[in-house]
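Student:
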Amino acid sequence: MSHASWVRLLERVGAQGEGLVAYLGGLGYLALDTVRHTLTGVFARPRIKTDETFFQMVRLGVRAVPIIALVQLFVGMTLAFTLAPVLEMYGQLDQLATVVAKAIFPQLGPLIAAVVLTGFAGAAIAAELGTMVVGEEVAALRTSAIHPIRFLVVPRVIACVIMTVALAVLANIVGTAGGGLVAYLILDIDPYHYYHTAVESLLVKDVVTGLAKSGIFGLIIVMVSCYEGLNVSGGAGGVGRATTASVVRAIFLIITANCAFTALFYFIW
148 MSHASWVRLL ERVGAQGEGL VAYLGGLGYL ALDTVRHTLT GVFARPRIKT
198 DETFFQMVRL GVRAVPIIAL VQLFVGMTLA FTLAPVLEMY GQLDQLATVV
248 AKAIFPQLGP LIAAVVLTGF AGAAIAAELG TMVVGEEVAA LRTSAIHPIR
298 FLVVPRVIAC VIMTVALAVL ANIVGTAGGG LVAYLILDID PYHYYHTAVE
348 SLLVKDVVTG LAKSGIFGLI IVMVSCYEGL NVSGGAGGVG RATTASVVRA
398 IFLIITANCA FTALFYFIW
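The structure is reproduced here in structure tokens:
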């Protein structure tokens, strides 16, 4: 490779690195601004609109319950079908509930719920805010001395974080029940034994780490979606690009964060 080729390669790498740093910096600034407006909205006027927050909880979370429950049910069933032959080889089929619960509560439940919610809620947030930017509604809020972060972002952040944790709890229960369905109908494992084995195998660590990660995942979903939506440019085409980018980037950051927190909890707990 010639000297000029090396220079062009380094320029491209540098440009990509600069873009990544700028993007993460923008996300960080939005997150800090959101925290500031959340705290001031609790103790000072104008206060956070609770009715808007509850509306967003229903819109972003409650409506996602059927799809997340169905997806996690199939994940639990698939996990049971996959693990059963391996456990049977070692004469440990009666421990199927242990493996399923250990896989779902700290890992697959929060992760699958967050990924599904990204496509369900993250895309909706980015598209909605992007449309408001293109239609100059956000500019109108600023003209009216209403801060867009306080009015638009904070209710969505609170709603998304709360509902991501709640949906992770639902995903954990439904996923484990899906494994139990296979255990009872296909593998002839007593449901009472399956239930007690699953409960006894779970530690406080498994439940707490899963719920903590789901809260972080919810924050990632809403921060990325709001950032992409509020930085739309280029009209209707820009809204479409922002919606796609919000889903792809949020899923990438969720999987990265899941790996990082799994390693962290492995070493410290």
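Just so we're aligned: the sequence shown equals residues 148 to 416 in the working numbering. Think of the CB as a built atom: it goes at the ideal place given N, C-alpha and C, for glycine as much as any other residue. Just so you know, these numbers come straight off a predicted model, no measurement behind them.
1. Taking the Cβ atom as the reference point for each residue, do Gly-269 and Ser-372 lie within a distance shorter than 8 Å?
2. List in chain order: all unbroken alpha helix (DSSP H) runs of 4+ residues lying wholly within the stretch 306–392.
3. Considering only the alpha carbon of each residue, which of Arg-192, Thr-403 and Leu-186 lies closest to Ala-292?
4. Excluding sequence positions up to five away, which residues of its chain have a Cβ less than 6 Å from the Cβ of Leu-220?
5. Is Val-355 near Ala-227, with beta carbons less than 8 Å apart?
6. Which same chain residues end up closer than 8 Å to Arg-194 when comparing Cβ atoms and leaving out the 5 residues on each side of it in sequence?
7. Any contact between the stretch 355–364 and the stretch 286–301? By contact I mean 3 or more CB pairs, one from each, below 8 Å.
8. With 16 as the cutoff for other CB atoms within 10 Å, does Glu-375 come out buried or exposed?
9. Which residue marks the beginning of the alpha helix (DSSP H) containing Gln-219, and which one marks its end?
10. Can you tell me the Cα-Cα spacing of Val-209 and Gly-384, whole angstroms?
11. Thinking just about the alpha-carbon of each residue, which of Arg-396, Ala-211 and Pro-232 is nearest to the one in Ile-333?
12. Does the beta carbon of Ala-248 fall short of 7 Å from some heavy atom of the ligand NAD?
13. Measuring only the C-alpha atoms, how far is Glu-283 from Leu-350?
14. So, is the C-beta of Val-371 closer than 8 Å to a C-beta in chain D?
15. Which of helix, strand or coil does DSSP assign to Ile-195?
16. If Leu-177 and Met-370 are in contact, beta carbons under 8 Å, what's the gap, nearest whole angstrom?
17. What's the gap between the Cα of Glu-165 and the Cα of Val-246?
18. Among residues of its own chain, excluding the 5 on either side of Lys-196, which ones have a beta-carbon nearer than 7 Å to its beta-carbon?
19. Could you give the first and the last residue of the continuous alpha helix (DSSP H) run that contains Glu-275?
20. Looking at the structure shown, is Ser-291 part of a helix, part of a strand, or coil, going by DSSP?
21. Out of Gly-161, Ser-393, Val-154 and Ala-244, which has the shortest C-alpha to C-alpha gap to Glu-275?
22. Using only the alpha-carbon positions, how far apart do Ile-214 and Ala-315 sit?
23. Hey, quick one: how far does the alpha helix (DSSP H) through Val-247 stretch, first residue to last?
Tutor: Straight from the coordinates:
1. yes
2. 338–348 and 351–377
3. Arg-192
4. Val-321 and Gly-325
5. no
6. Gly-188
7. no
8. buried
9. 212–236
10. 29 Å
11. Pro-232
12. With respect to the ligand NAD, the structure shown offers nothing to examine, as it has no ligands at all.
13. 51 Å
14. The structure shown has no chain D; it contains just one protein chain.
15. coil
16. 6 Å
17. 43 Å
18. Pro-302
19. 270–281
20. coil
21. Ser-393
22. 13 Å
23. 243–250
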